[in-house]
Amino acid sequence: MDRPNGTKSSIEEYNDNLYELLNEAYIMTNLQHNNLLRIIGVTFFGIDKHLGLVTDFMENGSLLNYIRKHRNIFIKL
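Just so you know, we're using this note's numbering here: the sequence shown kicks off at -11 and counts up by one.
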């Protein structure tokens, strides 16, 4: 809920962002294509309840490692 000055509390923003992320993950669990990494589900872990995506095994490593290794082929916007 917005405050009288038009701002939101950090908890409200967190809840909005969490809802959007979970909704997007739900949609992505239903997508099937050879060029998309399949998302199996989501999990909360650790003391701070971090959100994690459960995906198929990526034979060539993580996307972050791929981007770091091949950063010269990506264009900065």
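Note that the Cβ used here is the ideal one computed from N, Cα and C, for glycine as well.
Check: Same chain, Cβ closer than 6 angstroms to I28, five either side skipped, listed in chain order; Outcome: V42
Check: I15, DSSP secondary structure in three states; Outcome: helix
Check: Identity of the residues DSSP links to F32 by a beta bridge; Outcome: L39
Check: Selection from L51, L39, L24 that minimises the alpha carbon distance to L9; Outcome: L39
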